[in-house]
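To keep things clear, I will list the structure first and then write my remarks on it.
Residue numbers (the working numbering): 17 to 398.
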């Protein structure tokens, strides 16, 4: 089974440029086991949940909760300046939280560290190369290289902003469940990444001379005897770059100017809008939609209101009062107002002297404190 590296564009962050060593391919590069195929669990839920009770891999322990807040050396091998991967990793001082902020998209509190897509192309992901060389005590070692058609592991990793100038390196599974949240003082940390297999990695993020950010992930080294007196040495590696995020003035997001406003009517006043014997009253309307996303450190972003489709808003007699028809739902009207909720969605209805209509808001907050809201609304004049 083979896989091909897929380059992607990361929204608001510019192009993700792959900067791994290009050593070609050949027998000396060695062969690798298939990384396997797993079923994708769906979209990311930023809040996540702890699913890992803690496991020891290659001498280090990884739990499912955040660390105490230090850039601690969990795996001393990854701090060794003579480690083979060091020359391929990002060079220079790691970014501080203030420097990292320039690369986080407007309205967000985190940056997804991705240089490709997951195995079935449904989500952006971190992809690593198994970088190898073959060594023999008599003839020496080949150059480090990687196979162009090697099956690549993929991981879900993001780096985000936290209060008090801290960073958080967050690792999730494909279903969005939290595997590890590592608190950092600078963009340099060690954690176990889990795909088909699990192994320790060091992540570094530094500033390139042209102002882009360099991101690298390098794993610990493994050695496998080949049965002919030689040893295959291997580590996983990814290195790519991000451009600074684009910043624009926060959008003016005024939904109220296009919605029904005024004093809510009593039932007797609503009844007066109906003709005698009438039990259903409809008026034409255009449904509008817009969205916004905000973070305390990166500002807000959003879309301008756009028309979704034409429709009719309808009031009906319901028992001894009135209801507002909204799709298959009937929202009960009490003193000119109605409310409907389902999960993160809330619909508010107003019946006023000059108009009636609704506003639907679906909103939430992600793991890094970014708030988002999707709104649709409609208003009809009497």
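Here a beta-carbon is modelled for each residue, glycine too, at the ideal position from N, C-alpha and C.
Span separating the alpha-carbon of residue 148 from that of residue 237: 10 Å
Residue interval of the beta strand (DSSP E) (run including residue 140): 140-143
DSSP-derived helix/strand/coil call for residue 328: strand
Close beta carbons around residue 6, own chain, < 7 Å, minus the five adjacent residues each side: The structure shown does not extend to residue 6, since the chain is modelled only from 17 through 398, so no value can be given for it.
Residue 17 (DSSP reduced to helix, strand or coil): For residue 17, the pLDDT reaches just 36, beneath the cut-off of 50, and the residue's location in the model is therefore unreliable, although a value from the coordinates is still provided. Note: residue 17 maps to coil in three-state DSSP.
Cβ-Cβ distance between residue 304 and residue 394 below 9 Å: yes
Per-residue DSSP class, three states only, for residue 252: strand
Any 3 or more C-beta pairs closer than 8 Å across the region 120-135 and the region 157-177: yes
Residue 298, buried or exposed, once every other Cβ within 10 Å from all chains shown has been counted against 16: exposed
Within 9 Å, strictly: CB atoms of residue 391 and residue 367: no
Contiguous beta strand (DSSP E) assignments of at least 3 residues, all confined to the region 152-236: 170-178, 182-188, 194-200, 204-210, 214-223, 229-235
Residue 192 versus residue 382: straight-line alpha-carbon distance, rounded: 12 Å
Stretch pair the region 313-330 + the region 344-357: three plus CB contacts closer than 8 Å: no
Sub-9 Å separation of residue 399 and residue 251 beta-carbons: The structure shown has nothing for residue 399, since the chain only spans 17 to 398.
Rounded Cβ spacing between residue 122 and residue 262 (contact assumed at less than 8 Å): 7 Å
Nearest neighbour of residue 202, chosen from 195, 116, 378, 188 [CA to CA]: 116
Straight-line gap, residue 108 to residue 274 (C-alpha atoms, nearest Å): 52 Å
Length of the line joining the Cα atoms of residue 242 and residue 110: 38 Å
Residue 113 classed as buried or exposed, judged by whether at least 16 other C-beta atoms fall within 10 angstroms: buried
Contact set for residue 361: own chain, Cβ-Cβ below 6 Å, skip 5 residues either direction: 378
Assigned secondary structure, residue 101 (DSSP; H/G/I helix, E/B strand, else coil): helix
Helix, strand or coil at residue 110 [DSSP, three-state]: strand
Residue 366 (DSSP reduced to helix, strand or coil): strand
Residue 382 (DSSP reduced to helix, strand or coil): coil
Burial state of residue 216, where buried means 16 or more other Cβ atoms lie within 10 Å: buried
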